[in-house]
Structure formats: structure tokens, C-alpha cells
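Asks: Counting along the sequence shown from 1, when you hit position 29 you're at 803 in our numbering, and nothing is skipped either side.
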Amino acid sequence: MHVDFPFHYDHRGRTAETSYEDHIRDMIEQVLFTTPGERVNRPDFGSGALQLVFAPNSPELAATTQYLVQAALQQWMGDLIVVEDIEVL
775 MHVDFPFHYD HRGRTAETSY EDHIRDMIEQ VLFTTPGERV NRPDFGSGAL QLVFAPNSPE
835 LAATTQYLVQ AALQQWMGDL IVVEDIEVL
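#1: Is G820 buried or exposed, if buried means 16 or more other CB atoms sit within 10 Å of its CB?
#2: Which partner residues of H776 appear in the DSSP bridge assignment?
#3: Which residue wins for smallest C-alpha separation from Q804, given the options D784, V862, A846 and D853?
#4: Based on the DSSP output, what are the partners of Y783 in its beta bridges?
#5: Against chain C, with Cβ distances strictly below 8 Å, would P780 count as a contact?
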């Protein structure tokens with residue numbers, strides 16, 4: 775059983791469940807959209823990518839974004855996924 779994220783109840787009033795693939799996608803979204811320091815008991819959890827969203831576009835920003843995303847996914851999801859490539863557009 776994988777609990778759906780965000781947490782909610784299904785039509786039977788039970789905790790909503792999701793498939794393994796959707797659960798992994800939800801976990802990736804949590805890592806990417808959480809800013810380090812946001813979670814009280816895990817202050818280093820997250821990627822910090824949201825801080826770069828409105829930064830001026832440059833090759834340096836693309837490289838930084840690529841590094842931050844890849845490092846965060848490898849750190850927090852490394853036992854579940856293999857990060858092959860990160861493409862910043």
C-alpha cells in the first residue's frame with residue numbers, strides 16, 4: 775500500500791492509496807518543491823530549486839539547477855530511483 779500525496783480520503787472514507795509509480799512521482803515532487811529548512815525534523819531535506827525559479831537565466835544558473843536537482847534526487851531518492859540525466863531548459 776502506498777499512501778497518496780497529498781493525504782486525502784477515498785470515496786469509501788479510507789486513506790487514499792496510489793500505485794507504486796505514482797508514489798515515486800509524488801516523492802520526487804516533494805524533494806524538488808521543498809526548500810531546505812522548511813521541514814522541522816529534517817532541515818536539510820529538499821532541493822532548493824524553487825529559489826532559482828525567478829533568477830536571471832544564464833548558463834551558470836542552468837548548471838547550478840542541474841547540480842542541485844541531481845544531488846537532491848540522489849541524496850533523498852537514491853535507493854528508489856537512478857538519476858540518468860537532468861535537462862534544464
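For glycine and all other residues, C-beta sits at the position ideal for the given N, C-alpha and C.
Replies: Taking the definition as stated:
#1: Here residue 820 refers to the residue found at position 46 of the sequence shown. G820 sits buried, since 16 or more C-beta atoms from the chains shown fall within 10 Å of its C-beta.
#2: The count along the sequence shown starts at 1 and reaches residue 776 at position 2. Paired residues: T792.
#3: Within the sequence shown, numbered from 1, the residue matching residue 804 stands at position 30. Ranked by how close their Cα comes to the Cα of Q804, the residues D784, V862, A846 and D853 have A846 in first place.
#4: Counted from its first residue, the sequence shown places residue 783 at position 9. Per DSSP, T789.
#5: Reference to chain C is not applicable here, since this structure consists of a single protein chain.
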